[in-house]
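Notes to accompany the following structure.
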Amino acid sequence: MFFFLSGYFSERTFRSKGIFDFIRLRGFRIIIPLISGIILFAPMQYYITALIAGYQENYFVFLWNEFLQKYPRPSHLWFLQYLVLYTFLYVAIRPILSKIGQYLFPYSRYGGAEIEPASKKRWEVLLILGLWSSFWTCLINYFFLKDTTYFTVEPVQFVYDISFFTAGGFFLGKEKTILMGRTEGKEILLLGILALFVFKGFYWIKEIDPFWSYFGYTGDWRRILHIFLKCLGGWLWVSFFIRLFQFFFAGKNSFSEYLRDSSLPVYLVHHPITLGIGYVIVQKPWSLWVKFPIHLLSTYFLTFAIYHFVIRNSHLLNSILGNARNVSPPKIS
């Protein structure tokens with residue numbers, strides 16, 4: 009869902025701002041936080057792994073000698089790394105994508121007028137999107153194994169995710185098919201049931217067609233069905249959660265805006281915090297029922313405390329972490 013929405017807003021920003029402002033805004037929103045995040049937050053995952061393996065030096069020695077000088081990796085920021093790459097690819101191939109989007113989802117059928125909840129058009133869109141993602145994922149998997157990595161990029165995962173990103177741009181002016189428009193509880197229920205049904209099929213086939221194997225290892229049709237269920241299930245869940253949030257959280261208030269604006273800084277900061285707390289707690293002789301809530305609540309409390317008291321009112325920190333403006337504290341009524 010993240011990549012799909014990113015693709016949609018990328019197309020909307022490109023059309024309203026133009027290429028130069030688009031690249032500038034993308035730089036402030038994703039490139040700067042990616043670079044700062046890799047330096048400041050990503051190393052903790054690899055430091056904890058090194059400690060478990062017997063590493064003796066402190067964090068700063070590891071950061072300089074083992075991480076920055078030898079092999080910097082994105083850790084939990086892989087999605088920002090992909091998004092940076094998608095941004096430049098998108099600029100290069102946007103004219104082609106526009107024509108594909110017009111062909112797959114003609115405005116005469118999917119644009120303009122209100123679309124009824126659970127209408128045939130909405131199901132058509134999900135099926136076409138499932139086939140769109142399946143085609144590209146099957147194509148890349150034919151040439152690359154699932155876990156093959158080049159410069160921290162996994163080709164199969166990269167293409168699977170970019171199929172969602174590029175699809176986002178198809179729906180500018182056609183939002184009522186999947187992003188907006190009227191929705192009802194029965195539509196959400198049906199989407200959830202279908203998503204679970206497809207997931208059950210996906211879970212079944214992944215047992216007989218392990219995704220790590222080469223394409224056709226257990227038969228071409230099994231791998232194609234495997235990938236189709238994976239992609240269709242992904243789109244069903246995207247639609248389900250979009251409709252769910254529309255149905256229950258359509259209103260806007262200061263607290264929802266606070267959560268929206270804090271999302272990227274909180275995500276960047278939370279990962280080293282949860283790893284550090286987890287590393288300390290896991291060594292305690294407590295039961296799992298004690299460790300889990302302490303770890304969860306401590307991570308939430310410390311992460312949001314750092315955001316609220318340290319990051320929120322700092323223009324410098326907000327800029328480094330991808331927020332261009334300061335955020336007012338929440339008002340809960």
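Per my numbering, residue 9 is the first one in the sequence shown, and the count goes up by one each step. Beta carbons are placed, not taken as given, at the ideal position from N, Cα and C, and that holds for glycine.
- A distance of 7 Å or more separates the beta carbons of Leu283 and Ile101.
- Of all alpha-carbon atoms in Val164, Ala175, Ile281 and Trp131, the one lying nearest the alpha-carbon of Leu153 is that of Val164.
- Taking the Cα positions, Phe12 is about 7 Å away from Thr174.
- Here Ile123 is not near Lys182, since their CB atoms are 7 Å or more apart.
- Put simply, of Leu197, Leu202 and Leu233 the residue whose alpha carbon is nearest the alpha carbon of Trp212 is Leu233.
- Straight across, the Cα-Cα distance linking Tyr150 with Gly224 is about 8 Å.
- Straight-line measurement puts the Cα of Thr191 at about 42 Å from the Cα of Tyr158.
- Shown here, Tyr63 sits in coil according to DSSP, grouped into three states, outside any helix or strand.
- Between the alpha carbons of Val288 and Phe75 lies a distance of about 22 Å.
- Positions of the alpha helix (DSSP H) runs, each at least 4 residues long and wholly inside the segment 272-316, are given as 296-314 in order along the chain.
- In the displayed model, Tyr225 falls within coil according to three-state DSSP, outside both helix and strand.
- Taking C-beta atoms as the reference points, Val92 and Ile170 fail to come closer than 7 Å.
- Under the DSSP definition of a beta bridge, Tyr158 partners with Val161.
- Contact between the segment 293-300 and the segment 259-268 is absent: fewer than three C-beta pairs spanning the two stretches fall below 8 Å.
- As the crow flies, the alpha-carbon of Leu59 is around 18 Å from that of Gln77.
- When only Cα atoms are considered, Ser327 and Arg37 end up about 8 Å apart.
- Rounded to whole angstroms, the Cβ separation of Ser141 and Gly242 is 7 Å, and the two are in contact under 8 Å.
- Relative to Phe236, the option among Arg251, Glu19 and Val206 whose CA is nearest is Val206.
- In the structure shown, Ser24 falls within a helical segment according to DSSP collapsed to helix, strand and coil.
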